[in-house]
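Novice:
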Amino acid sequence: MTIADKNANQVEAVTGVPFTLNGQELVANEGELLIDACDRNDVHIPRFCYHNRMKPVGMCRMCLVEVDTGRGPSLQPSCMLPVTPEMKVETETQVTKDAQDGVLELLLANHPLDCPVCDKGGECPLQDNAYAYGPGESRFVEEKRHFEKPIPISDLVNLDRERCILCDRCTRFASDVAGDSLIHFIDRGSQTQVNTFPDHPFASYFSGNTVQICPVGALTAEPYRFKARPWDLEATESTSTVDSSGARIVLQSSQDKMIRILGLDSDAVNWSWLSDKDRFIYEANNSEDRITQPLSKQGQDSHTKVRLTAAVAQTVEALRNSRSDRIGVIGGARAPLEGQYAWAKLFKAIVGTDNVAAQLGDCLPAPLLLSLPKTTIDTAFAPGSTVVLLGSDLKEDVPTLFLRLRHAVMEDGVKLIELTSRKTSLSELATVSIQLPAGTVGQFTTALLSGTASPLKSVSNKVFKKAAALVRGEAPVSVVLNRPNIAESPRYVADAVGAFRQHLPAAKFLPAVRRGNTIGAVEMGLAPGYLPGGVRLQSNFASAWPSIPEKAGVDTQGILQAAAAGKLETLVLLGADPLDDFPDKALAKKAFENVATVIAVDCFFNESVKQSDIILPVAMLGEVQGSFLNLEGRLSPLLAKVTAPDNAQADWIWAAEIASGLGVNIGFETLEELRSEISATVPAFADIDWSKLHSADDGPVLSSDRTWNLEFSEVASLPADPGYGLRLLVDHKLWDQGTMVANSSSLAGLAEDFYVRISPEDIRNFGLTKSDTVVIEVGSLSAEVAFVADARVPVGTLWAPVHLAGFDIRSFISLDTPVSFVRIMSLESTDG
Amino acid sequence: MATNDYVVHAPGFVDSKSPKIVTSRFEHRDSFTLKRYEATDGYSALRKTIRKSPSEVAKDVKEAVLLGRGGAGFPAGVKWGFLPPIWPRYLVVNGDESEPGTYKDRLLMERDPHQLIEGCLITCYALGLNTCFLYVRGEMALAQERIGQALNDAYDAGYAGKNILGTDVSIDIVLHWGAGAYIVGEETALIESLEGNRGMPRLKPPFFPAAKGLYMKPTIVNNVETLANLPWIVNNGADAYKKFGSEASPGTRMLAISGHVKRPGVYEVEQGVVTFRELFYGDDYCQGIRDDNDLKAFIPGGGSAPWFFEEQLDLPLEAKEVGAAGSMLGSGAIVVMDSTTDMVKACLRVVRFFARESCGKCTPCREGTSWEEKILQRINDGKGREEDIDLLLSIGSQISPGPYPMAAWEEEGLEAVSFPPKQTTICPLGPSSVAPITSALRRFRHEFEAKIAEVTV
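Quick note, the sequences are listed as chains A and B, same order.
Start counting at 1 in the first sequence, then tack on 11, and there's your number in the numbering used here.
Start counting at 1 in the second sequence, then tack on 401, and there's your number in the numbering used here.
1) Give a yes or no on whether the C-beta atoms belonging to LEU809 (chain A) and ILE769 (chain A) are separated by under 8 angstroms.
2) Starting from TRP633 (chain B), trace the alpha helix (DSSP H) both ways and give me its first and last residue.
3) Does DSSP put PRO589 (chain A) in a helix, in a strand, or in coil?
4) Note the first and the last residue of the continuous beta strand (DSSP E) segment covering THR315 (chain A).
5) According to the Cβ coordinates, are GLN622 (chain A) and PHE603 (chain A) closer than 8 angstroms?
6) Hey, out of B:THR434, B:LEU530 and B:PRO455, whose CA is closest to THR620 (chain B)'s CA?
7) Compare the C-beta of THR764 (chain B) against all C-beta atoms of chain A and say whether one is closer than 8 angstroms.
8) Report, in whole angstroms, the separation of the C-beta atoms of PRO594 (chain A) and LEU826 (chain A), which I expect to be a contact under 8 angstroms.
9) Please list the partners that CYS374 (chain A) has in chain B, where partner means a Cβ-to-Cβ separation under 7 angstroms.
10) Where does TYR352 (chain A) sit, in a helix, a strand or coil, going by DSSP?
11) I'd like the list of long-range same chain contacts for TRP708 (chain B), defined as Cβ closer than 6 angstroms, with 5 residues on each side in sequence excluded.
12) Please check if any C-beta of chain A sits within less than 8 angstroms of the C-beta of ARG757 (chain B).
13) Buried or exposed, going by whether 16 or more other CB atoms sit within 10 Å of the CB of PRO378 (chain A)?
14) Run through DSSP, which three-state label would MET744 (chain B) get?
15) Taking CB distances under 8 angstroms as the criterion, tell me whether ILE572 (chain B) reaches chain A.
16) If we ignore side chains and look at the alpha-carbon of each, how far apart do ASP566 (chain A) and ILE559 (chain A) end up?
17) For ALA611 (chain B), which residues in the same chain have their Cβ closer than 8 angstroms to its Cβ, ignoring the five residues on either side in sequence?
18) Counting only beta-carbon separations shorter than 8 angstroms, does PRO733 (chain A) have a partner in chain B?
19) Does the distance from the C-beta atom of LYS356 (chain A) to that of ASP365 (chain A) stay below 8 angstroms?
20) Cutting at 6 angstroms between CB atoms, please list the residues of its own chain near TYR682 (chain B), excluding the five before and the five after it.
21) What are the start and end residues of the beta strand (DSSP E) that includes ALA246 (chain A)?
22) If you reduce the DSSP assignment to three classes, tell me which class ARG180 (chain A) lands in.
23) Round the Cβ separation of LEU401 (chain A) and VAL533 (chain A) to the nearest angstrom and send it over; I've been treating them as touching at under 8 angstroms.
24) For chain E, find out if any of its Cβ atoms is closer than 8 angstroms to the Cβ of PHE213 (chain A); answer yes or no.
25) Does any CB atom of chain A fall closer than 8 angstroms to the CB of TYR810 (chain B)?
26) Under a CB-based cut-off of 8 angstroms, is ASP109 (chain A) close to chain B?
27) Once DSSP output is grouped into helix, strand and coil, what is the label at LYS613 (chain B)?
28) Should LEU124 (chain A) be labelled buried (16 or more other beta-carbon atoms within 10 Å of its own) or exposed?
29) Is there a C-beta anywhere in chain B that falls below 8 angstroms from the one on PRO88 (chain A)?
30) Nearest CA to the CA of ARG199 (chain A): which residue from B:GLY469, B:GLU768, B:LEU543 and B:ASN781?
31) Please go through the same chain and pick out, in chain order, the residues whose beta-carbon is closer than 8 angstroms to the beta-carbon of ALA580 (chain B), but skip the five residues on each side of it.
32) Helix or strand or just coil, what does DSSP make of SER419 (chain B)?
33) On the three-state DSSP scale, how would you describe GLU23 (chain A)?
34) Using a Cβ cut-off of 7 angstroms, pull out every chain B residue sitting near CYS71 (chain A), in sequence order please.
35) Taking only the alpha-carbon atoms, compute the straight-line gap between GLU758 (chain B) and GLU648 (chain B) and give it to the nearest angstrom.
36) Please go through the segment 121-193 of chain A and give each complete beta strand (DSSP E) segment of 3 or more residues, from N-terminal end onward.
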């Protein structure tokens with residue numbers, strides 16, 4: 012039975028299976044496991060290895076109960092046994108109790124009694140069950156099994172094999188859920204242990220989940236070790252803002268300090284799984300480098316602390332002294348939805364500029380995002396459906412969505428078609444995996460949906476037809492969309508989306524954007540030309556808005572171009588770092604050199620914040636209340652658990668204070684008033700009961716029905732290669748030098764150093780000698796960089812991840828050409 | 402020479418006067434070659450088989466009541482009938498013989514590999530499948546080598562591979578070398594191992610191999626000796642086969658006798674006809690207990706089987722009767738212990754085997770068997786405590802709850818508890834460790850108590 016089956020069955024027993032539980036006649040769902048049926052009927056069965064999000068193994072034997080299927084009662088593991096008609100189950104008999112007590116005693120036989128110094132003590136299933144089951148006193152007088160005390164199995168996870176009860180949860184998670192089979196059982200009998208292979212650490216993006224599901228203290232997370240006792244922790248449910256999946260989390264704090272994040276089992280979204288980025292990013296909250304006071308620039312490279320009122324006054328002055336169309340605002344995806352609305356209202360309705368863009372040009376353009384008919388993860392990945400992955404490697408951008416898609420393909424018969432810029436973490440599982448060189452995705456997708464033959468030599472007609480038959484088949488098609496290549500104009504992927512809209516209008520989308528609340532930002536109007544709700548600029552927008560910019564503004568590229576040309580007076584950064592993130596590095600640099608005033612609302616110094624004149628400290632995840640709009644358009648709560656440090660405060664409060672400084676009442680004084688205004692202003696929010704947001708399991712999915720579409724002209728053409736030989740492919744790695752990761756002490760070291768990768772075939776094609784470095788060249792620029800052969804890279808492409816230490820590939824990207832080309836050569840050949 | 406130093410090495414096959422079904426070629430030094438096999442009627446059964454319809458062949462085997470020789474004794478023909486009409490389906494041959502005391506499949510593989518291969522081909526044909534995996538225990542290098550050679554010869558001669566004997570029947574036999582684990586003799590663990598995973602049993606249900614076996618496809622797992630019977634059955638018919646042995650258990654069995662008998666070895670014996678007494682004392686068989694000592698106990702079916710004693714000597718070598726008497730014939734390994742045997746040591750030796758070979762999957766087996774071993778070791782070392790005897794029995798009941806199968810003891814008015822034991826584990830390995838403990842403690846408790854009383858300070 013798959014988990015999806017089970018979910019479907021949880022609704023209500025349609026065709027029930029009658030069975031008897033402790034003498035009581037009950038009805039189980041079709042295919043329901045006995046342990047689940049017991050849980051549902053409030054009959055508790057102890058367990059260690061069973062986990063409702065993984066396939067059962069029946070390993071720990073703790074859940075043995077007496078079952079009679081007509082051949083007399085026998086002990087059966089309830090986690091492996093689907094309820095069958097007329098099954099008689101006894102969970103309280105002496106035989107059952109003896110079996111459970113026996114197993115517990117045996118589990119404790121070799122388990123060390125180090126609970127007082129164990130991180131799990133106080134929240135340990137083994138400890139809890141030892142109170143309820145087993146003899147209370149051990150008869151085991153022999154020497155316990157010994158292993159070297161905790162060994163690091165990765166940078167984030169420690170393994171204490173003495174505590175391990177070999178439940179197979181972590182190992183099952185690694186191989187079945189994450190697909191990172193890096194931890195295994197080795198040896199046998201009572202010497203059986205979990206371990207890694209030599210030189211192959213458990214370097215999984217999802218390693219922290221094993222700590223969460225470990226039923227003892229065998230796996231501990233390095234960032235949490237010895238930091239707190241469970242009974243000292245306070246907890247609240249919230250939502251991860253690390254990427255656009257909106258994974259549900261539990262925030263835990265001790266002494267007003269964020270101390271741990273756990274995954275929350277949300278049926279609709281993350282099934283309790285988190286990426287390590289979701290899980291450990293809270294370390295940034297506690298970073299010593301956090302900006303907690305308003306700062307003002309003094310001289311070239313230093314800032315001094317100023318009073319909060321002074322900082323607001325300076326900001327107000329800068330805005331007042333600038334012509335409204337000479338003000339640009341970049342960022343806002345980091346903020347809660349309420350903050351995004353407040354910023355949009357401040358800048359568009361009060362300051363009067365439409366040069367407001369949450370996007371940094373490395374993602375999907377706002378008009379595209381706003382035009383997509385969205386679907387939910389559950390609908391898109393429903394058993395038997397077809398999913399097109401249009402873009403790049405999901406695991407690097409939205410890892411929890413990757414887990415859901417992997418499960419759908421592995422367990423639920425979902426067919427995956429990849430139209431990606433390189434082979435991804437799912438390529439091996441895909442029904443058809445097609446790699447598209449930069450500049451070809453639009454043309455290829457159009458052909459796939461309407462044509463008869465492959466327009467690309469690299470894709471055989473057989474593969475093309477297989478993909479075409481699938482995508483045009485009976486099964487419902489959903490498109491998981493992300494940016495294929497930062498060095499390629501987003502126009503191409505927009506063309507591909509356009510092809511779907513035109514030829515397969517039933518297809519729905521999941522925009523898997525990398526930055527947290529991006530969907531919220533564009534929905535709240537942090538995009539040029541749009542007002543909250545995806546409404547285009549119109550003078551009669553809403554009574555709550557005093558005015559609307561007359562002229563449509565420009566996006567981040569336009570803002571930076573204006574700044575570079577000396578036409579921008581004030582640049583406001585809402586948690587954005589264009590100097591590090593905007594694809595065209597040279598343009599961003601020139602913009603900062605030529606803009607008069609830069610105001611940053613941020614929590615850390617990064618390249619852009621360092622150059623800012625005024626810095627307003629802002630509250631982070633867990634410090635403010637708000638809400639989050641995920642890639643499905645699902646609204647989920649962000650709750651405050653700790654106090655924001657010093658003068659750091661919520662985005663919406665900064666916006667209200669700046670408005671007030673400008674002499675305008677922004678229209679709300681409390682979060683509730685702000686939310687009421689959103690409900691009144693944006694139709695999709697009209698029916699939201701904000702007070703219930705915190706208690707809802709999965710959160711409401713907002714309708715994204717729009718009456719307009721993107722207009723598509725002809726498919727963008729491909730520029731000619733100026734004789735360089737390779738097309739540049741630039742995308743993100745999960746671990747990079749991003750501001751948040753860099754300020755989370757345990758994560759900062761996980762990013763690799765920069766390298767470029769080309770296919771083994773191209774190494775021969777370009778006659779590269781065996782060497783660790785190569786020279787890459789564009790125009791007058793050239794650089795010596797590390798390189799690796801990688802069969803995931805299509806022929807004719809050079810793959811270089813952005814934002815890694817050692818080299819900034821963005822200097823090779825120019826927005827003047829929609830596709831960037833690059834030349835590669837051996838070090839020796841440049842000598843002569 | 403002290404009796405304790407007496408070590409019996411498996412001497413191999415002993416030719417008794419019993420009829421021979423699977424060991425008929427063992428008298429030839431070159432019994433493993435294709436030349437000898439062909440000269441002694443080899444592959445004639447295959448020729449007959451492919452002229453029949455698959456269902457006819459299966460029917461013949463079912464009528465012959467060919468009981469599985471791996472341990473459980475389930476009729477092969479009935480097992481075959483469990484396959485649902487789903488393809489692909491596989492035949493897996495369990496050649497991972499490693500039950501303590503068992504070495505009969507090894508001889509079959511070493512000395513008559515073609516007979517096994519022919520048996521595989523007949524089975525594949527009868528089941529309408531074309532891929533067979535021959536899983537041979539890792540330590541059996543000679544068997545591996547001889548089967549490898551025999552397979553090459555059979556392929557070259559057109560008996561296996563594409564278009565067998567010019568027909569449109571094609572069957573591939575894949576030889577797989579085990580990595581050395583007792584548990585892989587358990588069929589679902591063997592399948593896991595064959596798939597490239599760690600050898601750990603799967604729970605039945607739902608993973609009955611016939612329904613969800615290798616690669617989750619219908620799979621028949623048969624023992625080497627079981628399949629080695631097939632050429633004879635096809636050539637001579639079910640009726641001729643049933644003339645040997647008893648009604649419930651027709652045919653012959655290979656029995657591996659080790660321990661304190663004068664002539665240990667592997668014997669092919671008619672099932673249900675010969676008794677243990679005849680086997681141990683008969684001139685055609687083991688010719689008596691060594692040094693003419695008294696018999697103290699014997700294990701009738703491999704290390705996993707509860708022990709038998711003097712009173713059970715007249716039981717016939719037949720699975721059902723042995724089962725009802727409180728043990729099992731299992732894989733046909735009989736270990737004889739004479740009056741000089743130290744029962745604590747014997748018990749420790751068998752328990753240690755199971756503790757070391759536990760795969761580590763189920764808690765009761767993983768933790769229980771090694772705990773048992775530690776206690777027995779302590780008692781044997783003179784560090785036992787009075788409560789250790791009850792503790793051993795209690796741990797045993799945590800692995801195998803309820804009364805454990807054992808032989809009757811008339812003297813004490815104790816009745817037999819029939820086989821098999823109940824279990825809190827997935828497979829019978831853990832419960833097997835309880836057999837020597839309950840057997841030895843029931844009859845020889847005084848020996849344990851004596852060692853405990855001698856406690857060294």
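Don't be surprised by glycine CBs; every beta carbon is placed ideally from N, CA and C.
Specialist: To lay it out plainly:
1) Position 798 of the first sequence holds residue 809 (chain A). Position 758 of the first sequence holds residue 769 (chain A). At the C-beta level, LEU809 (chain A) and ILE769 (chain A) come within 8 angstroms of one another.
2) The residue you call residue 633 (chain B) lines up with position 232 of the second sequence. First-last of the alpha helix (DSSP H) with TRP633 (chain B): 631-643.
3) Against the first sequence, residue 589 (chain A) aligns to sequence position 578. Reduced to three states, the DSSP call for PRO589 (chain A) is helix.
4) The residue given as residue 315 (chain A) occupies position 304 in the first sequence. From DSSP, the beta strand (DSSP E) with THR315 (chain A) extends over 313-316.
5) For the purposes of this step, residue 622 (chain A) is taken as residue 611 along the first sequence, with counting starting at 1. For the purposes of this step, residue 603 (chain A) is taken as residue 592 along the first sequence, with counting starting at 1. In this structure, the beta-carbon distance from GLN622 (chain A) to PHE603 (chain A) falls below 8 angstroms.
6) Translated into the one-based positions of the second sequence, residue 620 (chain B) becomes position 219. Looking at B:THR434, B:LEU530 and B:PRO455, the one whose alpha-carbon comes closest to that of THR620 (chain B) is B:LEU530.
7) On the second sequence, position 363 is the one that residue 764 (chain B) refers to. Yes, because at least one Cβ of chain A sits closer than 8 angstroms to the Cβ of THR764 (chain B).
8) Against the first sequence, residue 594 (chain A) aligns to sequence position 583. Against the first sequence, residue 826 (chain A) aligns to sequence position 815. With a contact defined as Cβ atoms closer than 8 angstroms, PRO594 (chain A) and LEU826 (chain A) qualify at about 7 angstroms.
9) To locate residue 374 (chain A), count along the first sequence from 1; it is residue 363. Those within 7 angstroms of CYS374 (chain A) in chain B number zero; the least Cβ separation is about 41 angstroms.
10) Taking the first sequence and counting its residues from 1, one reaches residue 352 (chain A) at position 341. For TYR352 (chain A), the three-state secondary structure derived from DSSP is helix.
11) By one-based count along the second sequence, residue 708 (chain B) stands at place 307. Closer than 6 angstroms at the Cβ level, and outside the excluded window around TRP708 (chain B), lie ALA698, ILE700 and SER840.
12) What you label residue 757 (chain B) is simply residue 356 of the second sequence in a count that begins at 1. Taking Cβ atoms only, chain A reaches closer than 8 angstroms to ARG757 (chain B), which makes this a yes.
13) For this step, residue 378 (chain A) is matched to residue 367 along the first sequence. Label assigned to PRO378 (chain A): buried.
14) Mapped onto the second sequence, residue 744 (chain B) falls at position 343. DSSP places MET744 (chain B) within a helical segment (H, G or I) once states are collapsed to three.
15) Looking up residue 572 (chain B) in the second sequence gives position 171. In terms of beta-carbon proximity, ILE572 (chain B) stays away from the interface with chain A, with every pair separated by 8 angstroms or more.
16) The residue labelled residue 566 (chain A) in the question sits at position 555 within the first sequence. The residue labelled residue 559 (chain A) in the question sits at position 548 within the first sequence. Rounded to whole angstroms, ASP566 (chain A) to ILE559 (chain A) spans 17 angstroms at the Cα level.
17) On the second sequence, position 210 is the one that residue 611 (chain B) refers to. Contacts found: LYS480, PHE483, LEU484, PRO485, PRO619, THR620 and ILE621.
18) Here residue 733 (chain A) refers to the residue found at position 722 of the first sequence. For PRO733 (chain A), no Cβ of chain B is located within less than 8 angstroms of the residue's own Cβ.
19) Working through the first sequence from its first residue, we reach residue 356 (chain A) at position 345. Working through the first sequence from its first residue, we reach residue 365 (chain A) at position 354. In this structure, ASP365 (chain A) does not lie closer than 8 angstroms to LYS356 (chain A) by Cβ.
20) On the second sequence, position 281 is the one that residue 682 (chain B) refers to. These residues qualify, in order along the chain: GLY689.
21) Translated into the one-based positions of the first sequence, residue 246 (chain A) becomes position 235. Unbroken beta strand (DSSP E) run through ALA246 (chain A): 245-250.
22) What you label residue 180 (chain A) is simply residue 169 of the first sequence in a count that begins at 1. Three-state DSSP puts ARG180 (chain A) in a helix.
23) Counting from one through the first sequence, the residue named residue 401 (chain A) turns up at place 390. Counting from one through the first sequence, the residue named residue 533 (chain A) turns up at place 522. 19 angstroms between Cβ atoms; not a contact.
24) Of the protein chains in this structure, namely A and B, none is chain E.
25) As a working note, residue 810 (chain B) is residue 409 in the second sequence. Per the sequence presented here, residue 810 (chain B) reads as Trp, with Tyr not at that position. It does not; no Cβ of chain A falls within 8 angstroms.
26) For the purposes of this step, residue 109 (chain A) is identified with residue 98 of the first sequence, where counting begins at 1. Chain B contact via Cβ: present.
27) Along the second sequence, one-based indexing puts residue 613 (chain B) at 212. Three-state DSSP puts LYS613 (chain B) in coil, outside helix and strand.
28) Mapped onto the first sequence, residue 124 (chain A) falls at position 113. Exposed: under 16 other Cβ atoms inside 10 Å.
29) Position 77 of the first sequence, counted from the first residue, corresponds to residue 88 (chain A). Residue contact with chain B for PRO88 (chain A): present (Cβ-Cβ distance below 8 angstroms to some residue of chain B).
30) Your numbering for residue 199 (chain A) matches position 188 in the first sequence. Answer by Cα proximity: B:GLU768.
31) The sequence position of residue 580 (chain B) within the second sequence is 179, counting from 1. A distance below 8 angstroms between beta-carbons, with the five flanking residues on each side excluded, links ALA580 (chain B) to the following residues of its chain, in chain order: GLY539, SER594 and GLY600.
32) Position 18 of the second sequence, counted from the first residue, corresponds to residue 419 (chain B). The DSSP-derived three-state label of SER419 (chain B) is coil.
33) Within the first sequence, the letter at position 12 stands for residue 23 (chain A). Only weak support exists for where GLU23 (chain A) lies, its pLDDT of 48 falling under 50; the value from the coordinates is given anyway. When DSSP states are grouped into helix, strand and coil, GLU23 (chain A) belongs to the coil group.
34) In the first sequence, residue 71 (chain A) corresponds to position 60, counting from 1. Residues of chain B passing the Cβ test: THR764.
35) What you label residue 758 (chain B) is simply residue 357 of the second sequence in a count that begins at 1. What you label residue 648 (chain B) is simply residue 247 of the second sequence in a count that begins at 1. Spanning the two alpha carbons is a distance of roughly 36 angstroms.
36) Qualifying beta strand (DSSP E) stretches, in chain order: 168-170.
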